[in-house]
Each structure stands twice: as C-alpha cells, then as structure tokens.
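Visitor: In order, the protein sequences belong to chains D and Y. All residue numbers in the first sequence are consecutive under this note's numbering, ending with 350. All residue numbers in the second sequence are consecutive under this note's numbering, ending with 1264. C-beta: ideal position from N, C-alpha, C; glycine also. Please read all numbers here as calculations on a predicted model, not as lab measurements.
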Amino acid sequence: MKKLTPAFANKKMDGLEQGMIPNPEKKSWSRLLKGNSDLPMEILILFLLVQFICCLSSIIFPANFRYLSESNISVLLKAIPVLGIISLGIGLLMIAGEFDLSVGANYTFTGIVIATLVESGLSAFLAAPLGLALGVLIGLLNGFLTLRFRIPSFIATLATMLFWQGMTLLYHGATSIRFYPGDIFTNLMAGQIGLMETSFLWFVALSLVFWAVLHRHKFGNHILAVGGNKQAATAIGINPTRVKLAAFGLAGFCAALAGILAASRVGTIQPGQGAGIELRAIAACVVGGVALTGGRGTILGVFLGAGLIYTIEDILLLLRAPGFYLDIFIGILIAGAAIFNQLVRERMVR
Amino acid sequence: MDARPDTNITPVSAAAPGSGGVGPLLELKGINKSYGPVQALTNLDFHINPNEIIALLGDNGAGKSTLIKLISGLVQPDSGTIMVNGKPTRLNSRRDSEQLGVETIYQDSALVDSMSITRNIFMGRELTNSLGFMQHRKMRQIASEVLQGVVNIRGIDSPDVLVGGLSGGQKQAVAIARAVYFNRKILLLDEPTSALSVRATEALLEYIKKLKEDGVSSVLVTHNLYHAYLVCDRFIVMSHGQKVCDVSRQETTIEELTRYVILE
Chain D
1 MKKLTPAFAN KKMDGLEQGM IPNPEKKSWS RLLKGNSDLP MEILILFLLV
51 QFICCLSSII FPANFRYLSE SNISVLLKAI PVLGIISLGI GLLMIAGEFD
101 LSVGANYTFT GIVIATLVES GLSAFLAAPL GLALGVLIGL LNGFLTLRFR
151 IPSFIATLAT MLFWQGMTLL YHGATSIRFY PGDIFTNLMA GQIGLMETSF
201 LWFVALSLVF WAVLHRHKFG NHILAVGGNK QAATAIGINP TRVKLAAFGL
251 AGFCAALAGI LAASRVGTIQ PGQGAGIELR AIAACVVGGV ALTGGRGTIL
301 GVFLGAGLIY TIEDILLLLR APGFYLDIFI GILIAGAAIF NQLVRERMVR
Chain Y
1001 MDARPDTNIT PVSAAAPGSG GVGPLLELKG INKSYGPVQA LTNLDFHINP
1051 NEIIALLGDN GAGKSTLIKL ISGLVQPDSG TIMVNGKPTR LNSRRDSEQL
1101 GVETIYQDSA LVDSMSITRN IFMGRELTNS LGFMQHRKMR QIASEVLQGV
1151 VNIRGIDSPD VLVGGLSGGQ KQAVAIARAV YFNRKILLLD EPTSALSVRA
1201 TEALLEYIKK LKEDGVSSVL VTHNLYHAYL VCDRFIVMSH GQKVCDVSRQ
1251 ETTIEELTRY VILE
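1. Distance, Cα to Cα, Y:Arg1199 vs Y:Ala1228?
2. So D:Ile315 and D:Ala284 are supposed to be a Cβ contact under 8 Å. How far apart are they, rounded?
3. Which class does D:Ser176 belong to by DSSP, given the choice of helix, strand or coil?
4. Using 8 Å for Cβ pairs, my map puts Y:Arg1094 next to D:Ala235. What's the rounded Cβ distance?
5. Do you know whose CA, among Y:Leu1211, Y:Leu1220 and Y:Lys1212, lies nearest Y:Glu1191's CA?
6. Give the secondary structure of D:Gln231 by DSSP, where H, G and I count as helix, E and B as strand, and everything else as coil.
7. Cα separation between Y:Phe1122 and Y:Val1174?
8. If you draw a straight line from the C-alpha of Y:Glu1126 to the C-alpha of Y:Thr1193, how long is it?
9. My output table needs one value for D:Cys55: the three-state DSSP class, helix, strand or coil.
10. Between Y:Ser1097, Y:Leu1025 and Y:Pro1037, which lies nearest to Y:Asn1085 when the distance is taken from Cα to Cα?
11. Looking at the unbroken alpha helix (DSSP H) that takes in Y:Gln961, where does it start and where does it end?
12. In the structure shown, what three-state DSSP assignment does D:Ala133 receive?
13. Using a Cβ-Cβ cut-off of less than 7 Å, give me the residues of the stretch 155 to 170 of chain D that come near chain Y, in sequence order.
14. Using the rule of at least 16 other Cβ atoms within 10 Å of the residue's Cβ for burial, across every protein chain shown, is D:Leu83 buried or exposed?
15. In angstroms, rounded to a whole number, what distance separates the CA positions of D:Cys55 and Y:Leu1166?
16. Between D:Leu318, D:Phe47, D:His215 and D:Leu333, which has its C-alpha nearest D:Ser69's C-alpha?
17. For Y:Val1102, name the three-state secondary structure that DSSP assigns.
18. Do the stretch 1241 to 1253 of chain Y and the stretch 1038 to 1047 of chain Y touch if we need at least three Cβ pairs shorter than 8 Å?
19. Can you tell which of D:Ile112, D:Phe219 and D:Thr293 has the C-alpha that lies nearest to the C-alpha of D:Arg178?
20. Got a sec? Which residues, its chain only, sit under 7 Å from D:Gly395 by beta carbon, not counting five neighbours each side?
21. Report the three-state DSSP secondary structure of D:Pro6 (helix, strand or coil).
22. Flag Y:Glu1126 as yes if its beta-carbon sits less than 7 Å from any beta-carbon of chain D, otherwise no.
23. Could you tell me which of D:Ala255, D:His172, D:Leu162 and D:Ala225 sits nearest to D:Leu206, measuring between CA atoms?
24. May I have the straight-line CA-CA distance separating D:Lys26 from D:Val302, to the nearest angstrom?
25. Would you tell me roughly how many angstroms separate the C-alpha atoms of D:Phe8 and D:Ile86, rounded to the nearest one?
26. CB D:Ala96 to CB D:Gly227, shorter than 7 Å?
27. Could you compute how far the alpha carbon of D:Ser74 sits from the alpha carbon of Y:Gly1164?
28. Determine the chain D residues that contact Y:Ala1110 at a beta-carbon separation under 9 Å, and present them in chain order.
29. Starting from the C-beta of D:Phe200, find all residues in its chain whose C-beta is less than 6 Å away, skip the five residues before and the five after it, and write them out in chain order.
30. Where does Y:Leu1257 sit, in a helix, a strand or coil, going by DSSP?
31. Please go through the same chain and pick out, in chain order, the residues whose beta-carbon is closer than 7 Å to the beta-carbon of Y:Asp1078, but skip the five residues on each side of it.
32. Quick check: the Cα distance between Y:Ser1072 and D:Ile223, rounded to an integer number of angstroms?
33. From D:Leu145, D:Leu49, D:Ile328 and D:Phe203, pick the residue whose C-alpha is nearest to that of D:Ala156; which is it?
34. For the beta strand (DSSP E) containing Y:Lys1087, name the first residue and the last one.
35. Give the list of continuous alpha helix (DSSP H) stretches no shorter than 4 residues that lie fully inside the stretch 175 to 259 of chain D.
36. Run through chain D and tell me which residues come within less than 7 Å of Y:Glu1098, C-beta to C-beta.
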C-alpha cells in the first residue's frame, strides 16, 4: 500500500471542526431512490407488492388460490434455487460486461459427468468438487476464447453452448441418467428442514457470498469499474482481462452447482434439461436491474429477479392457466423491467 | 497500489538527493520520437520545476500529445533520457509514471459513470482489510473530506452521488481530487477546458493555482492562450515536434505568445 498522506491534511481538519462536512450517515429516501447503486429499490418494491397481493388473495380465497399452502411454498422453495444460482453467476458476469450463453449446457454436462462418476463407484463428496472444478474450467474456457481473441462473448459462448450440448450427447448419449449420490448427500443438497428446503438455503448462502464479493470486496469494485467503463478502469491500473476471466469462472461454477442441486432433487438428469435456462437466467438478471451493457446491477436484484419469475410462474400454475401464458407474462415482465430501468437511469444522469 | 521492489522508480520530490534541493522534478533531454516516417518529437528538452504551472501551446500535430504520453509512460522515446530527481529513469508503463507521482487528466476523465464518487476515488486503490474487503465507512469519510478539501467541488453534497450525474467540470474536479489525494506531484492536463463552461473553466484554473500552493506542479495543454495566461508561470510553444519558445511569464506578453503560436 502506498502511504496516504494528503497534502491538504490541515485544511481537512479545519473543515471538520467548522462542521462543513455533511454527516456521512445521513440518508434520505430520495437519495436511496436516486443515487444509491447498492440497493435496487424498484425491484424490491415490485417483489414485495406481488408477494403482498398473493398472500392477501390466498387469505381471501383460500380454496381457489392456495398460495400459502404448505405444498405450494415447498414447490416455490424447490424451484427457485436452480435458476437463482445460475442467475447469480450470469449476473456477476453481466455486470463485468460479458455474457455466457453456455451455462445451460455447462449445467447439464457437469451434472452428467458427476452422475457417471458416482455410478462408477466414486463418492458423491468427491465427484461433486470435481464437477464444480469442471464447471469452472468450462467458464474459464469461455473467458479465454472471448478475451484472448477479442470476440464478443455472445458469439464465443453461443459456440461453446453448442459444443457442450454436443459433448453431452457424445459422452452419454440421448438417454437420461440416474443420480443416486446416497442419502447424506441428497439430504444436504435437496433435503428439508421443516418447511425449508436445503437447496434454498444454499441459494441464500451463495447470494450472501456474492453480495459480499460484489458490494463489499475490492474485487467487486473492480467488476463494477470494468463493466462500467473499461478504458477508465484500465487507465487507473485495473486489469480488465483478469477481472472478466474470474467472472467467467464464477459463472461456470454456479452453473455446475445448479446442476448438482437439480440432479439431487430429481434423481435423474435429462441431456436436454439445460436448454433455455441461460436465457431465463439473463431474464432474471434484467428483471433484477442488471444492465445488459454492464457496470450496473445488484445481487439483491438478481435474487429477487429469479424469485419474481418463479412467483409469476407459480401464480399461473395456481390459476390453472395454460403454459403459454407463462411465456407471455415473462415476456411482458422483461420488456417492462428493461424499459423501467432505462427510464430510471436516464433520469439519474439527467 | 502495491509497492514494486523490482523498479528503481522513486516519487519525484522537490528536495531530491543530489539535485541541490532546487532542481527540476522531471527533466527530459534530447528526446526523439517517431511514428514510422512521422517525426513527432525532435531533440526535445523539457523540464518541470517544483511549484510551477507550465502552459504547453502549439497547433495540432505540434507534438504536445506525444510529450504528454511520454511523461505518462504510455509511449517510450526512441532516444534521449528522462531524468527524475537527477537520475535517468525509464517509464515503461502507466504504472511507472504513477509510481513517480504523475497523473493525467483528460477531457474525458478516467471515471466510471455508473459508480459513486467514493468508489471512483478509490477505484483500483481501495482501502481494504487483510481479506480484501473494503473499508466503506473510512473511504466514504475520506471522499467526503476530499470533496470539501482542496478543490472544494461546488454543488456536490454527498460522496454517494453517481459520477454520471455530474457536470463535465465537476467530473474533472473529482479526477483532480483523486490525483491530489493519492499524493500526485505532477498533473498533466490534456485539453481539460475544451468541453467546459466558462464558469467551470474558471473553477478548474483556480484548482490548479491552489494546488500549486500545496506543491503540485501542472502542465496545461491548451489551445486557449488566455486561459493559459491567467494561471501559468512558464510558456512552452511547440511546432512540428520542436520547442520554439520557452519563456517565463515575466519575460513575455500575451501578444508575443500569440505571434509565436500563429506564426510557427
């Protein structure tokens, strides 16, 4: 560390004594809404509003809208983590200014590799870390292709998405594979503690870790800087390649972890199960306020974005709406969120 | 950020050992630089004294930007020496010039619009604990003080404001405040006023003057002679990669400088 000895130390002290400095802890609502980049107020309000309406409806119409029933809460808590964990990785990568379309393929491929390792007699507690490492490697490969050859990550990961989808079929064929990791492992990954699902606890724990990294660690500051203005970050001495490569690796890690959770829950892995999940993860991030251009976004936003997508899916299921309604609503939600975020940003920058 | 034991670069200082205490902070001798067939700088001598504001004048293509890039460590000379505190030094990268205490302020300053002032000031040089977690409260307190401190940026009430919401002048003030906080001794300002309003320009020139009192030297690259004449102690006019005039404020008039810039 360079020693920090400002040339104007004396003036500073004068200022302090005269009380010129505004109280650093002072916060106002307008500032929270306008200037605070760490708290996604809009999505938080929307999320709470939707939850409030759902709970209220469930109390008023307990027979027709069973939102607060035990089985429904259990379904929600089981469904959210897989998409949510993939979204955390994608979100961090998007904030750093890159995409990864191959997370769905990564999620399936690493899941199947782990399942075959377990089938051949390896303990799941060894196979899972190997699978996570494989996921990280797949992510790093995406980063290498994108950064070394300076091609858009959208294209690079479109290529690797198809590559790993093909590799999945080459490695195992088009049939599904069973995943019996043993009771301890299953309970750890997809068990219940009362009403709570362990997979949801994993999602919450990982969200907290990602929150600490993005909003409290210097690496997170570098991610925001590189995604927000790569030239400025470079000029100040941050290495954008290293920051982005790490974000690619983390996205791969999240995809593999989601694969393990999904496989533990269902007990089988379908070679086609990951198709489309990368786009839903990007959708969750956009709904959560992550900018497609990078530099903006919060972990809480991504967390709520994934939760909101599944809440809407759940509402439509409870109302027995046909499946295509889901796509219609999610489409409207994505467009609305993107438009809203754009308007807020334009107002913020005047 | 981290100390680099592998280089022999020491920060510039007014009382450099061996320089007798009043030598230049930075001295360039016999610098040549060409880009392919284009000779950008020819046998150029240039020095920056302590507590001095230098105006670097000249038409487009005179070599001003090349000179700035050279001192920033972004380009290297074909021949000639760069002396720091009386010692020959090589500046191979932006890191090296940063080590030296040089900061370049561009018209489009190196700030990230989507981040707060605090995060911008500490970008890449975050104050952290041993695990790398940022000491937010401390950084925020310092940013708050910096805003009220030497540059006293007008119209900013909180270090949490996003930089994207600031005006051009305020942004440059933040960039300068950052440089000053990290103990930079030489500011290179490359056309800083070209996108600023009259009032913002006046404020910026005031900052530079005030910083001189605190021992920060500046090199102001500009097209605007009147701005330069307001604050600068020494005027260097360049033309076709050569220095055609190097006079102190006492020795010249604005008319004479105008003639140099226009005729050369």
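Guide: In terms of the structure at hand:
1. 15 Å
2. No, D:Ile315 and D:Ala284 are not in contact; Cβ-Cβ is about 16 Å, not under 8 Å.
3. coil
4. 7 Å
5. Y:Leu1220
6. helix
7. 11 Å
8. One Cα belongs to Y:Glu1126, the other to Y:Thr1193, and the distance between them is close to 29 Å.
9. helix
10. Y:Leu1025
11. It is not possible to answer for residue 961 of chain Y, since the shown part of chain Y is limited to 1001 through 1264.
12. helix
13. none
14. With 16 or more other Cβ atoms from the protein chains shown falling within 10 Å of its own Cβ, D:Leu83 counts as buried.
15. 43 Å
16. D:Leu318
17. Three-state result, Y:Val1102: strand.
18. yes
19. D:Ile112
20. This structure cannot settle anything about residue 395 of chain D, because the visible part of chain D is limited to 1 through 350.
21. Residue confidence is low: D:Pro6 scores 41 on pLDDT, short of 50, so the model does not pin down where it sits. Its coordinate-derived value is still stated next. Reduced to three states, the DSSP call for D:Pro6 is coil.
22. At least one C-beta of chain D is nearer than 7 Å to the C-beta of Y:Glu1126.
23. It is D:Ala255.
24. Bear in mind that the predicted position of D:Lys26 carries a pLDDT of just 44, short of 50, making it unreliable; the figure below should be weighed with that in mind. Cα to Cα, D:Lys26 sits roughly 27 Å from D:Val302.
25. For D:Phe8, the predicted model reports a pLDDT of 38, less than 50, meaning its position is unreliable and no value from the coordinates is stated.
26. yes
27. 43 Å
28. Asn229, Gln231, Ala232, Ala233, Thr234, Ala235 and Ile236
29. Leu77 and Pro81
30. helix
31. These residues qualify, in order along the chain: Asn1032, Lys1033 and Ser1034.
32. Spanning the two alpha carbons is a distance of roughly 25 Å.
33. D:Leu145
34. Run containing Y:Lys1087: Lys1087 to Thr1089, per the beta strand (DSSP E) assignment.
35. The qualifying runs are 183 to 190, 198 to 211, 218 to 228 and 230 to 235.
36. Listed along chain D are Gly237, each with a C-beta nearer than 7 Å to that of Y:Glu1098.
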